[in-house]
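Data block below; observations after.
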Amino acid sequence: MHLFLDQGKLHPTSPFDFDKSLNFLKIITASQNEQLISGHSLTKAISIKGQAFIFRIKSVGTIDRT
């Protein structure tokens with residue numbers, strides 16, 4: 094089995110609020126068992142053409158309202 098690991102950064106357009114997105118995902122009951130929300134991060138597993146992918150998105154910045 095071959096393991097591949099990669100990292101990247103997303104740069105959302107201001108005034109995107111990641112915490113509000115996480116709070117929204119917490120209240121959607123249909124998806125509560127499909128991902129893990131912990132602190133300021135989202136971890137989710139998906140399958141594409143039979144290949145498993147696990148990703149984590151976390152907030153490391155602030156909301157820029159300029």
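Each residue of the sequence shown is one higher than the one before, counting from 94 in my numbering.
Ideal Cβ placement from N, Cα and C applies to all residues, glycine included.
**Candidates Ser-107, Phe-146 and Leu-129, of which the one nearest Gln-100 by Cα** = Taking the sequence shown and counting its residues from 1, one reaches residue 100 at position 7. Ranking Ser-107, Phe-146 and Leu-129 by Cα distance to Gln-100 puts Phe-146 first.
**Request:** Mind checking which residues open and close the beta strand (DSSP E) that includes Ser-134?
**Result:** On the sequence shown, residue 134 is found 41 positions in, with the first residue counted as 1. Here the beta strand (DSSP E) through Ser-134 covers 134-141.
**Request:** Tell me whether Ile-147 sits in a helix, a strand or coil according to DSSP, three-state version.
**Result:** Against the sequence shown, residue 147 aligns to sequence position 54. Ile-147 falls in the strand class under three-state DSSP.
**Message:** Measuring alpha carbon to alpha carbon, tell me which residue in Thr-136, Asn-116, Gly-143 and Gln-144 is nearest Lys-151.
**Reply:** Locating residue 151 in the sequence shown gives position 58, counting from the first residue. Cα-wise, what sits closest to Lys-151 is Thr-136.
**Message:** Can you list, in chain order, the residues of its chain with a C-beta nearer than 7 Å to that of Asp-110? Leave out the 5 residues immediately preceding and following it.
**Reply:** Position 17 of the sequence shown, counting from 1, holds the residue named residue 110. So the qualifying residues of the chain are Ile-156.
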